[in-house]
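**Student:** Let me begin by handing over the structure; questions about it come next.
Protein chains: 2
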Amino acid sequence: MGALPTLAVVGATGAVGTVMCELLSSRKNMWGEIRLVASKRSAGRTLVVRGDEVVVQELAADVFDGVDVAMFDVPDEVSAEWAPIAVSRGAIAVDNSGAFRMDPDVPLVVPEINPEQSRNRPKGIIANANCTTLTMIVALAPLHREYGLKELVLASYQAVSGAGKDGVDTLLDQLERVSGDRSLGSRSGNVRQAVGDDLGPFPAPLALNVVPWAGSLRDGGWSSEELKMRNESRKILGLPDLKVSATCVRVPVVTGHSVAVHAVFGVEVDAEGAREVLRHAPGVILVDDPAAGEFPMPIDAVGTDPAWVGRIRRSIDDPRALDLFVTGDNLRKGAALNTAQIAELLSKELQAS
Amino acid sequence: MGALPTLAVVGATGAVGTVMCELLSSRKNMWGEIRLVASKRSAGRTLVVRGDEVVVQELAADVFDGVDVAMFDVPDEVSAEWAPIAVSRGAIAVDNSGAFRMDPDVPLVVPEINPEQSRNRPKGIIANANCTTLTMIVALAPLHREYGLKELVLASYQAVSGAGKDGVDTLLDQLERVSGDRSLGSRSGNVRQAVGDDLGPFPAPLALNVVPWAGSLRDGGWSSEELKMRNESRKILGLPDLKVSATCVRVPVVTGHSVAVHAVFGVEVDAEGAREVLRHAPGVILVDDPAAGEFPMPIDAVGTDPAWVGRIRRSIDDPRALDLFVTGDNLRKGAALNTAQIAELLSKELQAS
Numbered sequence: 001m002g003a004l005p006t007l008a009v010v011g012a013t014g015a016v017g018t019v020m021c022e023l024l025s026s027r028k029n030m031w032g033e034i035r036l037v038a039s040k041r042s043a044g045r046t047l048v049v050r051g052d053e054v055v056v057q058e059l060a061a062d063v064f065d066g067v068d069v070a071m072f073d074v075p076d077e078v079s080a081e082w083a084p085i086a087v088s089r090g091a092i093a094v095d096n097s098g099a100f101r102m103d104p105d106v107p108l109v110v111p112e113i114n115p116e117q118s119r120n121r122p123k124g125i126i127a128n129a130n131c132t133t134l135t136m137i138v139a140l141a142p143l144h145r146e147y148g149l150k151e152l153v154l155a156s157y158q159a160v161s162g163a164g165k166d167g168v169d170t171l172l173d174q175l176e177r178v179s180g181d182r183s184l185g186s187r188s189g190n191v192r193q194a195v196g197d198d199l200g201p202f203p204a205p206l207a208l209n210v211v212p213w214a215g216s217l218r219d220g221g222w223s224s225e226e227l228k229m230r231n232e233s234r235k236i237l238g239l240p241d242l243k244v245s246a247t248c249v250r251v252p253v254v255t256g257h258s259v260a261v262h263a264v265f266g267v268e269v270d271a272e273g274a275r276e277v278l279r280h281a282p283g284v285i286l287v288d289d290p291a292a293g294e295f296p297m298p299i300d301a302v303g304t305d306p307a308w309v310g311r312i313r314r315s316i317d318d319p320r321a322l323d324l325f326v327t328g329d330n331l332r333k334g335a336a337l338n339t340a341q342i343a344e345l346l347s348k349e350l351q352a353s
Numbered sequence: 001m002g003a004l005p006t007l008a009v010v011g012a013t014g015a016v017g018t019v020m021c022e023l024l025s026s027r028k029n030m031w032g033e034i035r036l037v038a039s040k041r042s043a044g045r046t047l048v049v050r051g052d053e054v055v056v057q058e059l060a061a062d063v064f065d066g067v068d069v070a071m072f073d074v075p076d077e078v079s080a081e082w083a084p085i086a087v088s089r090g091a092i093a094v095d096n097s098g099a100f101r102m103d104p105d106v107p108l109v110v111p112e113i114n115p116e117q118s119r120n121r122p123k124g125i126i127a128n129a130n131c132t133t134l135t136m137i138v139a140l141a142p143l144h145r146e147y148g149l150k151e152l153v154l155a156s157y158q159a160v161s162g163a164g165k166d167g168v169d170t171l172l173d174q175l176e177r178v179s180g181d182r183s184l185g186s187r188s189g190n191v192r193q194a195v196g197d198d199l200g201p202f203p204a205p206l207a208l209n210v211v212p213w214a215g216s217l218r219d220g221g222w223s224s225e226e227l228k229m230r231n232e233s234r235k236i237l238g239l240p241d242l243k244v245s246a247t248c249v250r251v252p253v254v255t256g257h258s259v260a261v262h263a264v265f266g267v268e269v270d271a272e273g274a275r276e277v278l279r280h281a282p283g284v285i286l287v288d289d290p291a292a293g294e295f296p297m298p299i300d301a302v303g304t305d306p307a308w309v310g311r312i313r314r315s316i317d318d319p320r321a322l323d324l325f326v327t328g329d330n331l332r333k334g335a336a337l338n339t340a341q342i343a344e345l346l347s348k349e350l351q352a353s
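Quick note, the sequences are listed as chains L and V, same order.
Heads up, the first sequence is in UniProt numbering, so the first residue is 1 and it goes up one at a time.
Heads up, the second sequence is in UniProt numbering, so the first residue is 1 and it goes up one at a time.
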């Protein structure tokens, strides 16, 4: 067994990077040196990882020299440019952006579902799925293995931290501005007026509102986020013909994406059988006792690792369909945790080689 | 033409009753005397209707003497007892509770869809549908007429005012309690701790959360609210075999229910054709230009009459399916407005007879 591999975390100062530093601190015997990397603006700051103060380095080609695994949590265009540079310097890149996810030469890995694909990486890059797909897919994969998934109809309830720290600050600022005025939300436009023009990264106020839009406009009126849920679910599950319709909606929640799922299978299903499957599924916690007030919710799932699954019902009018509700921490399993898990597959592979 | 009929508003002091008094004030030449009625607790209060101060009377059999139309917005058990009493005193009852909606001898009327059914009322009672169904059904009926509806998969984003004034106060109190503490929503349980034990009419905190539960537990893990969406949609549209799966979720919005709709039809559809249908549909406003930030949202729809419809897309994997998003004011079209519209059908019938 070799020495512990060297890890670089690119985008260490962002919302996901911050969670990543926490996660790395609680996971031992995986990494030797850990380098933190960020844009020029954040370089020079000091972060604590594994109890040590680490100075953040500026993103440059030579920061990857001697690095075995480089995690990227940066915008698509930054990943597109820099992940190949990291690879050229000898690192394996694990990328959390959308830049490489649908590239046929880049595996899209969820360790509970398709860990074996992490070894097939012709470009030296492994992609991490988008946060909304990741928060639900860990619960859907075992149901697919049991019943054979044919179709998904999805409606999301996405937290503002999916849009980064700016998203969180925007919601919390807006809530302070509307708090105390008990007339708000009861007349058209009065929340808009109270919130003012600063919408942060969102197209409309989030306080006291839901916004049926996330991402950018694509053909047919679909949002990029909705297409990601379709295309990435298909790729992760290895189901190129899976029928998927998603509606992505932003809600005034800090962290914790939820998805209402209608899943149609190839055979008849039953709710108790589905519960039994999910009780034993890795990365899943079953919370399904409505009479006791137990169902998946962001305020409980935030800060935890698993996908919280509940509200499991067999559709009344279709014995092959299940309706359920899934909530997960979009910064953990939806981003940092899954990236860390992929990187750990690589650490073990490198240590064993 | 006879004199203007006499109207009684039972439950005048509640969240819906308050909106009803506003609506009645803006609609002329419909009613002669308007009597306001409420429980003993609220009797004696003075409300303003049509510019006049009216003293609220206590609910009793003789308040219905001389009344032509009695609107009820009270709990199910109060309607079940008192609507028949109003009928026995000569009134036609228009009931917004769940007590009579699925009674085969009680029509469930949405004036834009099935106004003719208001004349077929063997028990003297006409029911108003539940608020979540009403906010979307006005948009779905014209699409059904065009394409022939076969199946609905629904996920709701329901405002707290659907649970009455107590629901609104609960959310606003909770938001004041969490406002200013910028760490909340980022750790499991910290919102629960800040909110405390007073959850009002909800099973969990609504601030910085979404709660996948509304109503009471029914067979198979369904909530009563989810079954209402199925059963009432079928009855209003006259489609006893319509396949419906709904997941009902409460969100931290004051007023304005939204529904993400996946609608499967009998023939191929196209998004522009659907938009054209909805542009001309009564009671509907089309807001469907995502590039310009135009989609249906509670903060815009609140206080307005129509169903706001947008995000219209043809499903990528099913040419017979449309995905769309609908928002409506749950206190207006979802409750008071539809009740007032039914009562006005009766007023015209009575004036013409």
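Virtual Cβ for every residue (Gly too), placed ideally from N, Cα, C.
Show which residues of chain L have a CB atom less than 8 angstroms away from the CB atom of proline 298 (chain V).
**Tutor:** Gly185, Leu208, Asn209, Val210
**Student:** Where does serine 258 (chain L) sit, in a helix, a strand or coil, going by DSSP?
**Tutor:** Residue state, collapsed to three classes: strand.
**Student:** Could you tell me whether the Cβ of leucine 217 (chain V) comes closer than 8 angstroms to any Cβ of chain L?
**Tutor:** It does; some Cβ of chain L falls within 8 angstroms.
**Student:** Just checking: is the beta-carbon of alanine 321 (chain V) within a distance shorter than 8 angstroms of some beta-carbon in chain L?
**Tutor:** yes
**Student:** From which residue to which residue does the alpha helix (DSSP H) around valine 49 (chain L) run?
**Tutor:** No alpha helix (DSSP H) holds valine 49 (chain L); the beta strand (DSSP E) holding it covers 46 to 49.
**Student:** Give the interface partners of phenylalanine 265 (chain L) over in chain V, defined as CB-CB distance under 9 angstroms, in chain order.
**Tutor:** Near phenylalanine 265 (chain L) there are no residues of chain V at all, since even the closest Cβ is about 14 angstroms away, more than 9 angstroms.
**Student:** Could you check which residue in L:Ser186, L:Ser161, L:Asp173 has the C-alpha nearest to that of glycine 162 (chain V)?
**Tutor:** L:Ser186
**Student:** With DSSP as the reference, label methionine 1 (chain L) as helix, strand or coil.
**Tutor:** A caution first: methionine 1 (chain L) carries a pLDDT of 45, below 50, which makes its placement in the model unreliable, though a value can still be read off. Here methionine 1 (chain L) sits in coil by DSSP.
**Student:** Any heavy atom of the ligand MG closer than 7 angstroms to the Cβ of aspartate 105 (chain V)?
**Tutor:** For the structure depicted, the ligand MG is absent and the ligand set is empty, with no information on it obtainable.
**Student:** Are the C-beta atoms of arginine 182 (chain V) and some chain L residue less than 8 angstroms apart?
**Tutor:** yes
**Student:** Spell out whether any CB of chain V is found under 8 angstroms from the CB atom of threonine 247 (chain L).
**Tutor:** yes
**Student:** I'd like the list of long-range same chain contacts for threonine 170 (chain L), defined as Cβ closer than 6 angstroms, with 5 residues on each side in sequence excluded.
**Tutor:** So the list reads Gly200, once near-sequence residues are dropped.
**Student:** For alanine 139 (chain V), which residues in chain L fall below 8 angstroms Cβ to Cβ?
**Tutor:** Ordered by position in chain L, no residue passes the 8 angstroms Cβ test against alanine 139 (chain V), which lies about 14 angstroms from the chain.
**Student:** Short check: CB of asparagine 96 (chain L) to CB of threonine 339 (chain L), under 8 angstroms?
**Tutor:** yes
**Student:** Cutting at 8 angstroms between CB atoms, please list the residues of its own chain near methionine 1 (chain V), excluding the five before and the five after it.
**Tutor:** Confidence is the limiting factor: at methionine 1 (chain V) the pLDDT is only 45, short of 50, which leaves the residue's position unreliable, though a coordinate-based value still follows. So the qualifying residues of the chain are Gln351, Ala352.
**Student:** Identify which residue in V:Ala274, V:Lys123, V:Leu331, V:Glu22 has its Cα closest to the Cα of arginine 101 (chain V).
**Tutor:** V:Lys123
**Student:** Any idea what DSSP makes of threonine 327 (chain V), helix, strand or coil?
**Tutor:** Threonine 327 (chain V): strand per DSSP, three-state reduction.
**Student:** What are the boundary residues of the alpha helix (DSSP H) that includes lysine 235 (chain L)?
**Tutor:** 224 to 237
**Student:** Using the Cα positions of valine 48 (chain V) and leucine 227 (chain L), report the straight-line distance between them to the nearest angstrom.
**Tutor:** Looking at the backbone, the Cα of valine 48 (chain V) and that of leucine 227 (chain L) are separated by about 51 angstroms.
**Student:** Report back the beta-carbon spacing between lysine 40 (chain V) and lysine 150 (chain V) to the nearest angstrom; my notes put them in contact at under 8 angstroms.
**Tutor:** Rounded, the Cβ-Cβ distance is 49 angstroms, inconsistent with contact.
**Student:** Using only the alpha-carbon positions, how far apart do valine 153 (chain V) and phenylalanine 295 (chain V) sit?
**Tutor:** 20 angstroms
**Student:** Just confirm the distance between the C-beta atoms of residue 366 (chain L) and alanine 159 (chain L), as a whole number of angstroms; I'd bet it's less than 8 angstroms.
**Tutor:** Any question about residue 366 (chain L) goes unanswered here, given that chain L covers just 1 to 353.
**Student:** Could you give the uninterrupted runs of the beta strand (DSSP E) lying entirely in the UniProt domain "Semialdehyde dehydrogenase NAD-binding" (6 to 121) of chain L, keeping only those of 3 residues or more?
**Tutor:** 7 to 10, 34 to 38, 46 to 49, 52 to 55, 69 to 72, 92 to 95
**Student:** Can you check whether the C-beta of tyrosine 157 (chain L) is within less than 8 angstroms of a C-beta belonging to chain V?
**Tutor:** yes
**Student:** Just how far apart, CA to CA, sit glutamate 176 (chain L) and valine 9 (chain L)?
**Tutor:** Cα to Cα, glutamate 176 (chain L) sits roughly 34 angstroms from valine 9 (chain L).
**Student:** Contact defined as beta carbons within less than 8 angstroms: I believe serine 245 (chain L) pairs with alanine 321 (chain V). What is the distance between those atoms, to the nearest angstrom?
**Tutor:** 7 angstroms
**Student:** Indicate the three-state DSSP secondary structure (helix, strand or coil) for isoleucine 312 (chain L) in the structure shown.
**Tutor:** strand
**Student:** List the residues of chain L whose Cβ lies closer than 8 angstroms to the Cβ of tryptophan 222 (chain V), in chain order.
**Tutor:** Residues of chain L with a Cβ closer than 8 angstroms to the Cβ of tryptophan 222 (chain V) are, in chain order, Arg313, Ile316.
**Student:** In angstroms, rounded to a whole number, what distance separates the CA positions of arginine 51 (chain V) and glycine 90 (chain V)?
**Tutor:** For the record, residue 51 (chain V) in the displayed sequence is glycine; it is not arginine. Rounded to whole angstroms, the gap between the alpha carbons of glycine 51 (chain V) and glycine 90 (chain V) is 28 angstroms.
**Student:** So who's on the other strand from valine 244 (chain L), going by DSSP bridges?
**Tutor:** L:Leu152
**Student:** Taking the C-alpha atoms as reference points, what is the distance between leucine 4 (chain V) and isoleucine 342 (chain V)?
**Tutor:** 16 angstroms
**Student:** So, using beta-carbon positions, are tryptophan 213 (chain V) and arginine 313 (chain L) closer together than 8 angstroms?
**Tutor:** It is not a contact, given that the beta carbons lie outside the stated cut-off.
**Student:** Kindly say whether serine 179 (chain V), judged by its beta-carbon, lies nearer than 8 angstroms to any beta-carbon of chain L.
**Tutor:** yes
**Student:** Beta-carbon of glutamate 276 (chain V) versus every beta-carbon of chain L: anything under 8 angstroms?
**Tutor:** no
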